[in-house]
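Visitor: Chains A and B are the protein sequences, given in the same order. For the first sequence, the numbering used here assigns the number 186 to the initial residue and increments by one for each residue that follows. For the second sequence, the numbering used here assigns the number 30 to the initial residue and increments by one for each residue that follows. Backbone N, C-alpha and C fix where the C-beta goes; we use that ideal spot for every residue, glycine too. Remember, predicted model here, so these are calculated numbers, not experimental data.
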Amino acid sequence: MRKTKNWEYSPAPESTDHIKLKKQYDLFINGEFVPGVEGRYFDTINPSNEEKIAEVAEAGKADIDKAVSSARKAYNKTWSKMLPKERGKYVFRIARLLQERSREFSVIESMDGGKPIRESRDVDVPLSSAHFFYYAGWADKLEYAFPGRVAKPLGVAGQIIPWNFPLLMAAWKLAPALATGNTVVLKPAETTPLTAMKLAEVIQEADLPPGVVNIVNGGGTTGQALVNHRDIDKIAFTGSTEVGKYIMKAVAGSGKKYTLELGGKAANIIFEDAAIDQAIEGIVNAIFFNQGHVCCAGSRLYVQEGIADEVILKLQGRMDTLIVGDPLDKNTDIGAINSKMQLDKIKMYVDLGKDEGGTIYQSSCSLPKKGYWFAPTIFKDVSQSNRIVQEEIFGPVLAIQTFRTVDEVITKANNSPYGLSGGVWTDKGSKIFKVTQDIRAGVIWANTFNKFDPGSPFGGYKESGVGSEGGIEGLMGYVELV
Amino acid sequence: MILDKLLYTKPIDQIGAQERVTRLFSRSIKKDSKVQALHLALSMIDLTTLEGKDSPGKVKQLCYKASHLHDSFPGLPNVAAICVYPTMVSIAKKALEGTEINVASVATAFPSGMADMNSKLDEVKSVIDAGADEVDMVISRGKFLRGDYQYVSDEIAQVKDACGDTHLKVILETGELVTLDNVRLASDIAMESGADFIKTSTGKVSPAATPAVVLTMLEAIRDFQTKTEKKIGMKPAGGIGKAKQAIQYLVMINETLGNDWLSPDLFRFGASSLANDVLMQIVKQSTGYYQSKDYFSID
Chain A
186 MRKTKNWEYS PAPESTDHIK LKKQYDLFIN GEFVPGVEGR YFDTINPSNE
236 EKIAEVAEAG KADIDKAVSS ARKAYNKTWS KMLPKERGKY VFRIARLLQE
286 RSREFSVIES MDGGKPIRES RDVDVPLSSA HFFYYAGWAD KLEYAFPGRV
336 AKPLGVAGQI IPWNFPLLMA AWKLAPALAT GNTVVLKPAE TTPLTAMKLA
386 EVIQEADLPP GVVNIVNGGG TTGQALVNHR DIDKIAFTGS TEVGKYIMKA
436 VAGSGKKYTL ELGGKAANII FEDAAIDQAI EGIVNAIFFN QGHVCCAGSR
486 LYVQEGIADE VILKLQGRMD TLIVGDPLDK NTDIGAINSK MQLDKIKMYV
536 DLGKDEGGTI YQSSCSLPKK GYWFAPTIFK DVSQSNRIVQ EEIFGPVLAI
586 QTFRTVDEVI TKANNSPYGL SGGVWTDKGS KIFKVTQDIR AGVIWANTFN
636 KFDPGSPFGG YKESGVGSEG GIEGLMGYVE LV
Chain B
30 MILDKLLYTK PIDQIGAQER VTRLFSRSIK KDSKVQALHL ALSMIDLTTL
80 EGKDSPGKVK QLCYKASHLH DSFPGLPNVA AICVYPTMVS IAKKALEGTE
130 INVASVATAF PSGMADMNSK LDEVKSVIDA GADEVDMVIS RGKFLRGDYQ
180 YVSDEIAQVK DACGDTHLKV ILETGELVTL DNVRLASDIA MESGADFIKT
230 STGKVSPAAT PAVVLTMLEA IRDFQTKTEK KIGMKPAGGI GKAKQAIQYL
280 VMINETLGND WLSPDLFRFG ASSLANDVLM QIVKQSTGYY QSKDYFSID
């Protein structure tokens with residue numbers, strides 16, 4: 186037999202020539218970029234090579250005061266008084282500008298957060314502009330969303346977003362708030378502030394009245410100051426369940442409304458009549474999408490016993506073909522872990538999984554030397570009693586269990602403090618309906634996973650959160666119905 | 030009985046398969062990897078002419094082209110084979126004397142397969158006697174669609190018997206099987222019954238080779254290898270005319286079956302116009318300029 190020499194894909198990096206980044210970013214308050222009162226800056230780095238990209242102003246209590254009061258002024262004077270259809274035009278303008286600058290946003294998102302350009306280009310950025318488009322459309326149609334009621338804005342919303350989908354989460358938060366007439370103080374995550382600062386430029390360009398959107402950066406202390414500010418009417422948070430619990434306590438009795446989108450430990454269920462090759466893709470997409478930094482990641486896999494060996498063998502083969510590396514390379518499937526802190530957490534859980542007696546398999550892919558990297562990993566031979574099955578790891582680590590009957594797998598899927606999402610794979614429609622009705626989770630995908638649309642609500646049961654984002658339901662978190 | 034062997038055939042989800050195709054086809058193949066892929070693609074082509082108007086003159090010209098793809102550009106491989114109708118086998122064989130290029134002949138009442146078993150076997154024997162190195166047979170799609178899988182299996186096994194050591198490619202004519210479930214089942218039947226290669230189409234039915242069909246067949250080949258350790262070849266045919274498509278299929282093989290299949294021994298393109306587009310790309314990669322089509326010979 187003739188033997189060909191191995192065919193390796195040459196590097197295909199997305200160009201960064203067109204990216205304009207400043208060395209230093211200030212706070213965005215009252216329509217302008219202003220330095221923080223205390224003058225402190227922190228670095229934001231590229232997790233794929235640990236190089237500093239820029240430094241960003243850290244907001245203290247005094248800055249939060251300024252931001253909230255500018256949001257309050259904008260709310261009272263202009264935004265809440267504006268005709269809804271005019272408000273809608275501004276949101277449409279943001280959507281269009283974002284779409285026009287999508288290439289720039291994708292590259293910066295991948296540089297600052299480590300996610301592969303394929304995802305930022307095909308998922309994060311287009312979904313972000315789609316979200317603005319969707320809610321812009323609702324701005325002057327709220328009477329149809331809530332027939333017979335009047336939907337009034339709440340006032341000033343404090344919004345805190347995570348680092349896994351920086352721009353997309355900003356869009357999820359800003360679009361419904363603005364469309365319904367609220368003004369906003371938004372705090373991006375500490376490790377991924379750059380696309381939010383770019384979004385501030387877009388908001389300036391869209392000529393939004395000053396103070397309607399204010400963006401302040403910082404870590405936990407900054408977030409705390411925002412949550413506890415007296416003149417905030419609503420807190421919207423996406424992030425860890427731990428912080429979500431803190432927020433619920435902090436706002437208790439204050440009259441502030443809140444929506445929380447928290448952790449998850451989704452069950453992804455493969456029945457023996459499933460289309461196996463497509464299910465393998467589904468498993469990969471469910472747990473390795475965005476390095477597993479996804480609150481709705483399918484991190485608990487349940488495979489019916491009769492096909493377990495075949496599924497695991499095929500999954501391992503597929504894991505070996507995943508390309509892990511430079512986030513800006515168009516062929517990269519899996520990028521860098523977002524931060525050193527997150528990498529340490531993942532390593533801790535993988536060590537724990539081994540100590541607990543799980544059988545580990547890791548992709549044979551090569552990893553870059555510099556930066557934060559973790560190979561796609563699965564654990565077999567684990568049970569509901571293993572901590573790696575119970576707790577959210579937020580990384581590319583999958584825990585696999587087998588099951589025998591439909592009832593058994595439903596019971597086990599529900600046997601979790603979380604209830605954000607789930608997946609079911611079967612050729613049989615009746616089984617899909619049974620499973621989706623009986624599993625207590627906000628979204629369940631059938632024969633697919635991690636599909637999002639602005640028109641579809643997203644939110645969790647139990648410790649996965651309170652309230653929904655997306656769709657008509659997403660409007661409810663920002664209005665008072667009278 | 031063939032059905033006993035096919036219990037492992039699983040359903041295929043059309044939408045999921047299409048998604049996987051989109052993902053594979055979005056790979057960006059540049060620079061060295063592109064040049065390597067283009068050379069590889071060229072070496073995998075079964076240069077084909079299957080028309081009622083084929084004549085000895087036409088076939089001789091095609092055979093010359095097969096071994097002289099673009100003589101002004103040295104270092105190019107030859108195509109893998111010439112694919113012709115049975116009456117042209119001896120002419121092609123003679124024209125290709127002294128080269129390593131194989132002669133493949135369609136047989137078994139190509140393209141419809143609507144003939145009795147004896148005449149199909151006679152045809153197979155006659156093309157082998159005429160010197161064919163490879164036989165491309167068609168399955169009886171009518172029998173398959175009415176559920177007579179045993180018939181389909183038996184006919185493949187009998188043709189394989191008649192072929193002996195001659196390489197057998199089994200054409201499923203996926204455009205008539207319609208669903209991916211059928212494509213998968215027919216692939217499994219063909220491999221279990223003795224096929225050396227499985228091939229999508231005759232080129233006479235639309236659609237011919239579609240990406241989702243090729244993916245489904247490659248996955249069937251992979252699963253058959255896991256089960257039996259036998260390596261079956263694959264040949265998409267019809268509708269592949271552009272170098273870009275060829276590279277996309279190479280990505281699909283690379284990530285489904287691995288490097289072993291990146292060889293003309295296990296993968297072929299059935300195509301008439303692909304070679305010139307690949308040649309044009311190879312020259313472009315070397316000179317930086319696209320030449321007009323008129324600089325590449327048409328035979």
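Does any C-beta atom of chain B lie closer than 8 angstroms to the C-beta of Ala471 (chain A)?
Guide: As a working mapping, residue 471 (chain A) is identified with position 286 in the first sequence. Taking Cβ atoms only, chain B never reaches closer than 8 angstroms to Ala471 (chain A), which makes this a no.
Visitor: Using alpha carbons as the reference points, say which of A:Gly405, A:Leu327, A:Asp416 and A:Thr506 lies closest to Gly429 (chain A).
Guide: In the first sequence, counting from the first residue as 1, residue 429 (chain A) sits at position 244. When each option's Cα is compared against that of Gly429 (chain A), the closest is A:Gly405.
Visitor: Using only alpha-carbon positions, find the residue among A:Phe318, A:His316, A:Ser255 and A:Gly580 that is nearest to Ala560 (chain A).
Guide: Taking the first residue of the first sequence as 1, we reach residue 560 (chain A) at position 375. Checked all of A:Phe318, A:His316, A:Ser255 and A:Gly580; the closest Cα to Ala560 (chain A) is A:Gly580.
Visitor: Restricting to Cα atoms, I'd like to know which of B:Phe173, B:Leu197, B:Lys172 and B:Gly171 is closest to Val153 (chain B).
Guide: Walking along the second sequence from the start, residue 153 (chain B) turns up at place 124. When only C-alpha atoms are compared, the closest one is B:Leu197.
Visitor: Give the DSSP bridge partners of Cys92 (chain B), in chain order.
Guide: Walking along the second sequence from the start, residue 92 (chain B) turns up at place 63. Per DSSP, none; premise fails for Cys92 (chain B).
Visitor: Assuming Gly160 (chain B) and Val132 (chain B) make a contact with CB atoms under 8 angstroms, what is their CB distance in whole Å?
Guide: Numbered from its first residue, the second sequence carries residue 160 (chain B) at position 131. Numbered from its first residue, the second sequence carries residue 132 (chain B) at position 103. The beta carbons of Gly160 (chain B) and Val132 (chain B) sit about 7 angstroms from each other, so the pair counts as a contact at 8 angstroms.
Visitor: Give the range of the alpha helix (DSSP H) segment to which Ala110 (chain B) is assigned.
Guide: Position 81 of the second sequence, counted from the start, is the residue given in the question as residue 110 (chain B). Boundaries around Ala110 (chain B) are those of the beta strand (DSSP E), Ala110 to Val113, since no alpha helix (DSSP H) includes it.
Visitor: Strictly below 9 angstroms CB to CB, what residues from chain A border Asp61 (chain B)?
Guide: Numbered from its first residue, the second sequence carries residue 61 (chain B) at position 32. Residues of chain A passing the Cβ test: Glu193 and Ser195.
Visitor: In the structure shown, what three-state DSSP assignment does Leu363 (chain A) receive?
Guide: The count along the first sequence starts at 1 and reaches residue 363 (chain A) at position 178. DSSP, read as helix, strand or coil, puts Leu363 (chain A) in helix.
Visitor: With which residues is Phe331 (chain B) paired in a DSSP beta bridge?
Guide: Here chain B comprises residues numbered 30 to 328, so residue 331 (chain B) is not present and cannot be evaluated.
Visitor: May I have the straight-line CA-CA distance separating Ile250 (chain B) from Ser119 (chain B), to the nearest angstrom?
Guide: Walking along the second sequence from the start, residue 250 (chain B) turns up at place 221. Walking along the second sequence from the start, residue 119 (chain B) turns up at place 90. So the two alpha carbons sit approximately 32 angstroms from each other.
Visitor: So, with DSSP's three-state summary, where would you put Asn231 (chain A)?
Guide: Translated into the one-based positions of the first sequence, residue 231 (chain A) becomes position 46. Strand at Asn231 (chain A).
Visitor: Taking the beta strand (DSSP E) that Ala242 (chain A) belongs to, which residues open and close that run?
Guide: Counting from 1 along the first sequence, the entry for residue 242 (chain A) is found at position 57. Unbroken beta strand (DSSP E) run through Ala242 (chain A): Glu236 to Ala242.
Visitor: At a Cβ cut of 8 angstroms, what residues of the segment 496 to 511 of chain A count as close to chain B, listed as they run along the chain?
Guide: Leu498 and Thr506
Visitor: When you compare the segment 243 to 262 of chain B with the segment 208 to 221 of chain B, are there three or more beta-carbon pairs, one atom per stretch, that lie closer than 8 angstroms?
Guide: yes
Visitor: Using a Cβ cut-off of 8 angstroms (strictly closer), state whether Ser315 (chain B) contacts chain A.
Guide: In the second sequence, counting from the first residue as 1, residue 315 (chain B) sits at position 286. Not an interface residue.
Visitor: Name, going along the chain, the residues of the segment 432 to 461 of chain A whose beta-carbon falls closer than 8 angstroms to a beta-carbon of chain B.
Guide: Asp458, Ala459, Ala460 and Ile461
Visitor: Under a three-way DSSP split, which group does Glu446 (chain A) fall into?
Guide: For the purposes of this step, residue 446 (chain A) is taken as residue 261 along the first sequence, with counting starting at 1. In the structure shown, Glu446 (chain A) sits in a strand (DSSP, three-state: E or B).
Visitor: Give the secondary structure of Trp192 (chain A) by DSSP, where H, G and I count as helix, E and B as strand, and everything else as coil.
Guide: Translated into the one-based positions of the first sequence, residue 192 (chain A) becomes position 7. It is coil, neither helix nor strand.
Visitor: Could you tell me which residues DSSP pairs with His196 (chain B) in its beta bridges?
Guide: Here residue 196 (chain B) refers to the residue found at position 167 of the second sequence. Note: His196 (chain B) sits in a beta bridge opposite B:Glu163.
Visitor: Give me the subset of the segment 307 to 333 of chain A whose CB atoms are less than 9 angstroms from a CB atom of chain B, sorted by chain position.
Guide: Asp307
Visitor: Express the C-alpha separation of Gly448 (chain A) and Ser425 (chain A) in angstroms, rounding to a whole number.
Guide: Residue 425 (chain A) sits at position 240 when you count from the first residue of the first sequence. Residue 448 (chain A) sits at position 263 when you count from the first residue of the first sequence. About 6 angstroms.
Visitor: Determine the chain A residues that contact Pro40 (chain B) at a beta-carbon separation under 8 angstroms, and present them in chain order.
Guide: For the purposes of this step, residue 40 (chain B) is taken as residue 11 along the second sequence, with counting starting at 1. Within 8 angstroms Cβ-Cβ: Asp458, Ala459, Ala460 and Asp612.
Visitor: Below 8 angstroms CB to CB, which residues in the same chain sit around Gly608 (chain A) once its five sequence neighbours on both sides are set aside?
Guide: Taking the first sequence and counting its residues from 1, one reaches residue 608 (chain A) at position 423. Cβ neighbours of Gly608 (chain A) beyond the five flanking positions: Ala451, Ala452, Asn453, Ile454, Gly467, Ala471, Gly483, Ile629, Trp630, Ala631, Thr633 and Phe634.
Visitor: Are Gly604 (chain A) and Arg572 (chain A) close, meaning C-beta to C-beta below 8 angstroms?
Guide: By 1-based counting over the first sequence, the position of residue 604 (chain A) is 419. By 1-based counting over the first sequence, the position of residue 572 (chain A) is 387. No; because the gap between Cβ atoms is not below 8 angstroms, this pair is not in contact.
Visitor: When you compare the segment 500 to 509 of chain A with the segment 282 to 293 of chain A, are there three or more beta-carbon pairs, one atom per stretch, that lie closer than 8 angstroms?
Guide: no
Visitor: Can you find the residues in the same chain that come closer than 7 angstroms, C-beta to C-beta, to Gln209 (chain A), ignoring five residues on each side of it along the sequence?
Guide: Locating residue 209 (chain A) in the first sequence gives position 24, where the first residue counts as 1. Only Tyr226, Ala239 and Glu240 meet the Cβ criterion.
Visitor: From B:Leu214, B:Gln274, B:Asp289 and B:Lys94, pick the residue whose C-alpha is nearest to that of Ile168 (chain B); which is it?
Guide: For the purposes of this step, residue 168 (chain B) is taken as the residue at position 139 of the second sequence. Measuring from the Cα of Ile168 (chain B), the nearest candidate turns out to be B:Leu214.
Visitor: With 8 angstroms set as the bound, which would you pick, yes or no: does the beta-carbon of Gly45 (chain B) sit closer than that to a beta-carbon of chain A?
Guide: Translated into the one-based positions of the second sequence, residue 45 (chain B) becomes position 16. Interface with chain A (8 angstroms Cβ-Cβ cutoff): Gly45 (chain B) is included.
Visitor: Less than 8 angstroms separating the beta-carbons of Ala109 (chain B) and Pro293 (chain B)?
Guide: Walking along the second sequence from the start, residue 109 (chain B) turns up at place 80. Walking along the second sequence from the start, residue 293 (chain B) turns up at place 264. Going by C-beta atoms, Ala109 (chain B) is nearer than 8 angstroms to Pro293 (chain B).
Visitor: Taking the straight line between their C-alpha atoms, what separation do you get for Asn399 (chain A) and Ala247 (chain A)?
Guide: Counting from one through the first sequence, the residue named residue 399 (chain A) turns up at place 214. Counting from one through the first sequence, the residue named residue 247 (chain A) turns up at place 62. Cα to Cα, the separation comes out at about 14 angstroms.
Visitor: Considering Cα atoms alone, identify which of A:Val436, A:Pro642 and A:Leu393 is closest to Asn413 (chain A).
Guide: As a working mapping, residue 413 (chain A) is identified with position 228 in the first sequence. Nearest of A:Val436, A:Pro642 and A:Leu393 to Asn413 (chain A), Cα basis: A:Val436.
Visitor: How many angstroms separate the CA atom of Val668 (chain A) from the CA atom of Glu202 (chain B)?
Guide: In the structure as shown, chain A begins at 186 and stops at 667. Residue 668 (chain A) is therefore absent and cannot be evaluated.
Visitor: Contact check, Val664 (chain A) vs Lys337 (chain A) under 8 angstroms by CB: the rounded distance?
Guide: Here residue 664 (chain A) corresponds to residue number 479 of the first sequence, with the count starting at 1. Here residue 337 (chain A) corresponds to residue number 152 of the first sequence, with the count starting at 1. Indeed, because the Cβ distance is near 6 angstroms, the residues count as touching under 8 angstroms.
Visitor: For a cutoff of 8 angstroms on Cβ pairs, would you count Ile250 (chain B) as touching chain A?
Guide: Numbered from its first residue, the second sequence carries residue 250 (chain B) at position 221. It does not; no Cβ of chain A falls within 8 angstroms.
Visitor: Which partner residues of Arg503 (chain A) appear in the DSSP bridge assignment?
Guide: Residue 503 (chain A) sits at position 318 when you count from the first residue of the first sequence. Answer is none; Arg503 (chain A) lacks a bridge partner.
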